[in-house]
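Peer 1: If you're matching positions, the sequence shown starts at 1259 in my numbering and goes up one per residue.
Following this message is one structure expressed as structure tokens.
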Amino acid sequence: MDALDLARWQFGITTIYHFLFVPLTIGLSVVVAVLQTAWHRTGNTEYLRATKFFGKLFLINFAMGVVTGIVQEFQFGMNWSAYSTFVGDVFGAPLALEALLAFFLESTFLGLWIFGWDRLSRRVHLATIWAAAIGSNLSAYFILAANAWMRHPVGFAVDPATKRAHLTDIGAVLTNSQAWSTYLHVVSASFVVAGLFVVAVSAYKLLHRDTAPHASEPGMFRRTLRAGLLTTVIAGAVVVYSGDHQAKLAAQYEPMKLASAEALWNTEDAAGFSLFAVGDHSLGEVGMGQNIIDVQVPYVLSFLATGSPAGEVQGINDLQQHYQQQFGPGDYTPNIPVIYWSFRLMMGLGMAGVGIGVLGLWLTRRGALPEQRWMYRVAMAALPAAMVGNIFGWVLTEMGRQPWTVVGELLTAASVSPGVSLGEVAFSLSAFTALYGTLAVVEARLMWRYLKAGPGHVMPYPGEGEREPDAIPAFTY
């Protein structure tokens, strides 16, 4: 093991940890905004109480996402200075837009939303949460545009003297086909996670509705349960559409990733979708392999990749030979077992969550609640399943690009900081792991504390014979 291996582990661990919070922030910001809009239009206090309750959980998650995101960026200078030197002029533009435009928009208006309950008019206050939600989603776009450039570099030129990439067309970077397609896929998956979060919280409170502190609480969570289920199903349909488009873009720009995700060793017409495969990629020269077992659904892969059941899909062996001729000797295949199973776990866990959304909508039709207590437990289990599915999606995206950090331009082995030792990376990895472990405990305890406290904690229920207060109290910290 060398510094490169540990640097990759460190970036992978911190990125995955950070991405536990990002999807929930993206989706839940809009869910909270919709709940407040419902209160603004109807005047129903249950929507206000739901806004404050889920808003509290959203703020805890948002704070943790900010902390982990800031720490993650340190690694560009610590472990990946060669990469930063090469891509800085290009990569810096969308990241600067994210920080100066999107993040400031999000954080500024979120602050106004937190402290403006009893200071701003209802209409202006509602506008602040929508501005924060828009900022959150804009932030995601700029970051994903930077990430998409690494997979499909456009709008740049390499200076022959300095060997650095410099930006020539910011419009090309921001309108990169990989950027908007990835954004649609990631954001729709984020809404699946947010929808299932609302479902899981509502299901837990309904499962224990016999101990609810107020008679109206189950009615509130019945509404939020339906809202979460509907969000999950609609977002799931967009995930399927955008995932299909992602497969076609992978066939065009990242054929090795697509071939590895399907363990497709040789170029085929009318290629089938692999359900289960066991392969051997140690045969002969580097990159030459074959499947020992391969259970397929005929024609599906060709249709996903090209739109035609008889379309040609390039295989790993042929691509490896082509890249050796183009870039020189070396192994240009990613970790095929990891890519293959990440793809299936992403699809399987994600679609299981969406399927639970469909089932839940059916069981709650006409306002009814499921009598079966197991349904509430299944609904709660769907949330971690969808989150893990999201993580496997990023594993597929990032590891499928290997051995490149910038496809066709910069290898990962050439991206690591030249002066960093194995011991230094091991120390920073240990420090980050300890810090993130502590943050995980804090996050879990805060979430559990306010989940159990319920909506009465942020907006007390009126006593018997009392009416709801006219004043809207601010959050209590």
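Note that the Cβ used here is the ideal one computed from N, Cα and C, for glycine as well.
Predicted model only: the values in this text are computed from it and were never measured.
Pairing CB atoms from the stretch 1409–1425 with CB atoms from the stretch 1345–1352, are three or more of them under 8 Å?
Peer 2: Touching, yes, given that three or more Cβ pairs across the two stretches are closer than 8 Å.
Peer 1: Where does Q1572 fall in DSSP's three states?
Peer 2: DSSP places Q1572 in coil when its eight states are reduced to three.
Peer 1: Given this structure, state the Cα-to-Cα distance separating G1565 from D1527, to the nearest angstrom.
Peer 2: Each residue's Cα considered, the two are about 12 Å apart.
Peer 1: For H1424, which beta-bridge partners are listed by DSSP?
Peer 2: Per DSSP, A1415.
Peer 1: For F1277, name the three-state secondary structure that DSSP assigns.
Peer 2: It is helical.
Peer 1: Where does W1523 fall in DSSP's three states?
Peer 2: Coil, per DSSP.
Peer 1: Tell me whether M1633 is buried or exposed, calling it buried when 16 or more other Cβ atoms sit within 10 Å of its Cβ.
Peer 2: Buried.
Peer 1: Which one or two residues does DSSP pair with I1649 in a beta bridge?
Peer 2: I1649 is not bridged to any residue.
Peer 1: Using 8 Å as the threshold, is the C-beta distance between L1396 and A1360 below it?
Peer 2: Yes, the Cβ-Cβ distance between L1396 and A1360 is below 8 Å.
Peer 1: Roughly how many angstroms separate the alpha carbons of M1259 and P1661, rounded to a whole number?
Peer 2: Whole-angstrom Cα-Cα distance: 17 Å.
Peer 1: Would A1521 be called buried (16 or more neighbouring beta carbons within 10 Å of its own) or exposed?
Peer 2: The residue is buried, with at least 16 neighbouring Cβ atoms inside 10 Å.
Peer 1: Helix, strand or coil for W1338? Go by DSSP, reduced to three states.
Peer 2: DSSP places W1338 in coil when its eight states are reduced to three.
Peer 1: K1314: buried (16+ other C-beta within 10 angstroms of its C-beta) or exposed?
Peer 2: Counting Cβ neighbours within 10 Å, K1314 comes out buried, since at least 16 surround it.
Peer 1: Within 10 angstroms of its Cβ, does T1490 collect 16 or more other Cβ (buried), or is it exposed?
Peer 2: Under this definition T1490 is a buried residue.
Peer 1: Please go through the same chain and pick out, in chain order, the residues whose beta-carbon is closer than 8 Å to the beta-carbon of L1680, but skip the five residues on each side of it.
Peer 2: M1259, D1260, A1261, L1264, listed in sequence order.
Peer 1: Rounded to the nearest angstrom, what separates Y1735 and L1516 at their Cα positions?
Peer 2: Low per-residue confidence applies at Y1735: pLDDT is 42, beneath 50, and the placement is therefore not dependable enough to give any value.
Peer 1: Would you decide whether E1331 is buried or exposed? Buried here means 16 or more other CB atoms lie within 10 Å of its CB.
Peer 2: Exposed is the call here.
Peer 1: Could you check if V1536 is buried or exposed, using at least 16 other CB atoms within 10 Å of its CB as the buried criterion?
Peer 2: Exposed, by the Cβ-count rule.
Peer 1: So what does DSSP say about L1541, is it helix, strand or coil?
Peer 2: Interpretation of L1541 is limited by its pLDDT of 48, a score under 50 that renders its predicted location unreliable; the figure taken from the coordinates is listed afterwards. Correct three-state label for L1541: coil.
Peer 1: Tell me where the beta strand (DSSP E) around W1662 begins and ends.
Peer 2: It spans 1662–1664 - the beta strand (DSSP E) in which W1662 sits, taken as one unbroken run.
Peer 1: Please state whether DSSP places V1553 in a helix, a strand or coil.
Peer 2: V1553 falls in the strand class under three-state DSSP.
Peer 1: Run through DSSP, which three-state label would S1673 get?
Peer 2: Here S1673 sits in coil by DSSP.
Peer 1: Are the CB atoms of V1555 and F1534 nearer to each other than 8 Å?
Peer 2: Not closer than 8 Å, so no.
Peer 1: Out of F1400, K1463, A1692, F1334, which one is the CA nearest neighbour of A1354?
Peer 2: Among F1400, K1463, A1692, F1334, the Cα nearest to that of A1354 belongs to F1400.
Peer 1: Using DSSP with H/G/I as helix, E/B as strand and the rest coil, what is L1384?
Peer 2: Here L1384 sits in helix by DSSP.
Peer 1: For A1528, report the span of its alpha helix (DSSP H) as first-last.
Peer 2: Unbroken run through A1528: none, as it is neither H nor E.
Peer 1: Is T1309 near the ligand FAD, judged by its Cβ being under 7 Å from some heavy atom?
Peer 2: Absence of the ligand FAD is noted for the structure shown, with no ligands found whatsoever.
Peer 1: V1678 by DSSP, collapsed to three states: which one?
Peer 2: Of the three classes helix, strand and coil, the one that applies to V1678 here is coil, per DSSP.
Peer 1: If A1452 sits next to V1289, beta carbons under 8 Å apart, how far is it from one beta carbon to the other, in whole angstroms?
Peer 2: At roughly 5 Å, the Cβ-Cβ gap stays under 8 Å, so A1452 and V1289 are in contact.
Peer 1: Do L1668 and F1344 have their C-beta atoms within less than 8 Å of each other?
Peer 2: Yes, Cβ-Cβ distance for L1668 and F1344 is below 8 Å.
Peer 1: Between the stretch 1263–1279 and the stretch 1642–1654, are three or more C-beta pairs nearer than 8 Å?
Peer 2: The stretch 1263–1279 is in contact with the stretch 1642–1654.
Peer 1: Does the stretch 1372–1386 come within contact of the stretch 1300–1307, defined as at least 3 CB pairs closer than 8 Å?
Peer 2: Too few Cβ pairs lie closer than 8 Å, so no.
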